[in-house]
Amino acid sequence: MSGPIVEVIILPTPDDVGRVAAATIASVVVAEPTAVIGLATGSSPQCIYTDLHRRVSAGEIDFARARGFALDEYVGIPLEHPESYASVITRDVVEPLGFSPSRVRVPDGRAADIESAAKEYDGAIRAAGGIDVQILGIGANGHIGFNEPTSSFASRTRIKTLAPSTREANARFFDSLDEVPTHCMTQGLGTILEAGRLVLVAQGSAKAAAVAAAVEGPLSAFVPGSALQLHAHATVVVDEEAAAGLLLADHYRYTYASKPEWQRLS
Ligand code: F6R
Numbered sequence: 002m003s004g005p006i007v008e009v010i011i012l013p014t015p016d017d018v019g020r021v022a023a024a025t026i027a028s029v030v031v032a033e034p035t036a037v038i039g040l041a042t043g044s045s046p047q048c049i050y051t052d053l054h055r056r057v058s059a060g061e062i063d064f065a066r067a068r069g070f071a072l073d074e075y076v077g078i079p080l081e082h083p084e085s086y087a088s089v090i091t092r093d094v095v096e097p098l099g100f101s102p103s104r105v106r107v108p109d110g111r112a113a114d115i116e117s118a119a120k121e122y123d124g125a126i127r128a129a130g131g132i133d134v135q136i137l138g139i140g141a142n143g144h145i146g147f148n149e150p151t152s153s154f155a156s157r158t159r160i161k162t163l164a165p166s167t168r169e170a171n172a173r174f175f176d177s178l179d180e181v182p183t184h185c186m187t188q189g190l191g192t193i194l195e196a197g198r199l200v201l202v203a204q205g206s207a208k209a210a211a212v213a214a215a216v217e218g219p220l221s222a223f224v225p226g227s228a229l230q231l232h233a234h235a236t237v238v239v240d241e242e243a244a245a246g247l248l249l250a251d252h253y254r255y256t257y258a259s260k261p262e263w264q265r266l267s
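Residue numbers (the numbering used here): 2 to 267.
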């Protein structure tokens, strides 16, 4: 890494994506066991959590003193619903990685006063000293967190309406499309940009256009993922299929292959 850059790492398989992205998270937590991790849900980061679980089991890393803040939560489903992000974070992150439950927060999508709850969430992130490393996926429409197209780059944690295409994409987690909530509470793009480091992962051809637009397209609220370009230390780790739309793919491969061993994480 040489100064502020959006680093793009193209790897053969989704497992490779998980291993290399997890190495970044692990390096942060090994250096600072009380580090604050921003946690994404959905399919993309599962490979990261799987690899981190392997490292925890091998005794390489310990999350007991780390803190976590989820990126987002649905509004309109009960806390106990198996697909509430509170449930997903407990099942996929807190339990397997051994976080202390009291040190991990998820936005309160059930709050009577949603606006205050959103403000309070941003305040809690600040009070924790800010997020050291934020894990991100990207929607096929370019969203990060649930900041749907035309979200302001200055946005803070707030309630958002989910795009119809996002509800359709997430219907696979529910019994029917009707059950997918229409609203969510999400960290804003401004909130995400305050994290010390961003690690975005994407796999599969359905994400190729969004990845290319986020990394190589113009800065635009139309592609919320393009906010990454405003961050001083963003790493995008993708498999070959998700890299298919990148004009400078060969350049990214060359740069990564030329990386000195001491800068390389695995
Ligand atoms: C999840 C989140 C979303 C997802 C995105 C991709 O917390 O904030 O931005 O990362 O919708 O979802 P998957 O990974 O399921 O394709």
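Glycine included, each C-beta is placed from N, C-alpha and C at the ideal position. Note that the structure is a prediction, hence the values are computed from the model and not measured.
A distance filter of 5 Å between CB atoms and the heavy atoms of the ligand F6R selects the following residues in sequence order: 41, 42, 43, 44, 45, 72, 73, 138, 140 and 146. Residue pairing by DSSP places residue 162 opposite 184 in a beta bridge. Beta-bridge partners of residue 236 (DSSP): 8 and 200.
Beta-bridge partners assigned by DSSP to residue 74: 186. Taking 7 Å as the cut-off, the beta carbon of residue 149 is found closer than this to the beta carbon of residue 164.
DSSP places residue 37 within a strand segment (E or B) once states are collapsed to three. Residue 68 carries a strand assignment under DSSP once its states are collapsed to helix, strand and coil. Cβ-Cβ distances below 7 Å link residue 28 to 266 in the same chain, with the five nearest sequence neighbours on each side left out; the list follows chain order. Straight-line measurement puts the Cα of residue 206 at about 34 Å from the Cα of residue 122. Using a Cβ distance threshold of 7 Å, residue 19 and residue 52 count as a contacting pair. Contact annotation, residue 127 with residue 104: C-beta distance approximately 16 Å; criterion of less than 8 Å not satisfied. The Cβ atoms of residue 160 and residue 184 sit closer than 7 Å to each other. The three-state reading of DSSP puts residue 231 in helix, counting H, G and I together. Between residue 199 and residue 215, the C-beta spacing is not below 7 Å. The three-state reading of DSSP puts residue 171 in helix, counting H, G and I together. Note on geometry: alpha-carbon atoms of residue 118 and residue 77 lie some 14 Å from one another.
Excluding the 5 residues flanking it on each side, residue 139 has same chain C-beta neighbours closer than 7 Å at 145, 201, 203, 208, 211, 212, 215 and 226, in chain order.
Here the C-alpha atom of residue 87 lies approximately 16 Å from the C-alpha atom of residue 46.
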